[in-house]
Amino acid sequence: MTAAAGVLRWLGLPGAGEALPERVVVVSPHLDDAVLSLGGAISRASRAGAHVTVLTVLAGDPDSSEPAGSWDRRAGFETEADATRGRREEDRRACARVGADPEWLPFSDNQYGRPKEEDVIDALGDRLHDAVVLLPGFPLEHPDHAWVNALLMGGELGLVRLGHYVEQPYAMWAGKSAPPTWRALPAALRDRFAKDRACRQYSTQLPLLGEKVLTGIARYEAKRGGEAVSWLG
């Protein structure tokens, strides 16, 4: 069994075996969502030898001349370009802590106005080809998350090995558990530590999310057996 096949069996992917892709792509709407939500699983998968990519769709435009949007101003940035560069550097460090490779698309989130759907589809190209793909899927209460989910679920990209993950801190804030059919992913202590260290790299974002947000996520996951995913095929 290849390293990737073993990881995919642990993740609960139906039909996991030798013929499966070697890549796992975790799609992140913003530059912190994937690690906050699935950092422990990413750490374990990368330690086991799988190639994990965190692909952020709304990673900002580093060439923008727009003044900072409302969220980015609160984080201390003056322009969208400043926010993009600063937050991408945070994401680079965070992904390194859990062994993932970051990829960023140059699109703005809803505080600046979302991109055209066809532009995102074109930019994705074959980035998700021959990969196992995980999308934000629960509770989908952030409008950018719901938009990314609907776009990639639309069928234009022909995704076959597709799943969802529980989004943090939104599930924790709402006090909502994923449906019982979702698969809990207990993390080893070293992977929980890796996730915590990775999340702390998002230093401009954590104060806005609340000083106890990481403790809250950890408690939520401990109570429910870990992070969680659900597979569509």
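Mapping of the sequence shown onto our numbering: residues 835 to 1067, in sequence order. Beta carbons: idealized from backbone N, C-alpha and C, even for Gly.
Any beta-carbon of chain C closer than 8 Å to the one on residue i?
| i | result |
| --- | --- |
| D866 | Included in the structure is just one protein chain, with no chain C present. |
Determine the DSSP secondary structure at residue i, reduced to helix, strand or coil.
| i | result |
| --- | --- |
| H885 | strand |
| R843 | helix |
| E914 | helix |
| E975 | coil |
| V982 | helix |
| E856 | coil |
| L969 | strand |
| V869 | helix |
| S898 | coil |
Of the residues the options, which one's Cα is nearest the Cα of residue i?
| i | options | result |
| --- | --- | --- |
| A917 | G933, D943, P936, A930 | D943 |
| A957 | I1051, A1021, L1066, L939 | L939 |
| V858 | A984, A909, R878, A902 | R878 |
| D964 | L974, R995, E990, M987 | R995 |
| V861 | L1066, V888, A882, R907 | V888 |
| V982 | L1040, T890, H885, L845 | T890 |
| S1011 | A1062, R907, G910, H885 | A1062 |
| Y999 | W905, W1065, R931 | W1065 |
| A934 | S899, A875, R908 | A875 |
| A893 | F941, C929, A868 | F941 |
Going straight from the alpha carbon of residue i to that of residue j, what length do you get?
| i | j | result |
| --- | --- | --- |
| V967 | D897 | 29 Å |
| T913 | R919 | 10 Å |
| T1038 | L847 | 35 Å |
| L1019 | H976 | 23 Å |
| P970 | R1024 | 24 Å |
| P1014 | L986 | 24 Å |
| D1030 | E923 | 17 Å |
| G992 | E937 | 20 Å |
| R1034 | A928 | 8 Å |
If you follow the beta strand (DSSP E) that residue i is in, where does it begin and where does it stop?
| i | result |
| --- | --- |
| V1063 | 1061-1065 |
Worksheet item: Considering only residues of the stretch 989-1055, which uninterrupted beta strand (DSSP E) runs meet the minimum length of 3 residues and lie entirely inside it, listed in chain order?
Response: 996-1000, 1017-1019
Discussion item. Quick check on the DSSP output: what are the complete alpha helix (DSSP H) runs of length 4 or more inside the stretch 908-962, in order along the chain?
Written reply: 914-931, 951-958
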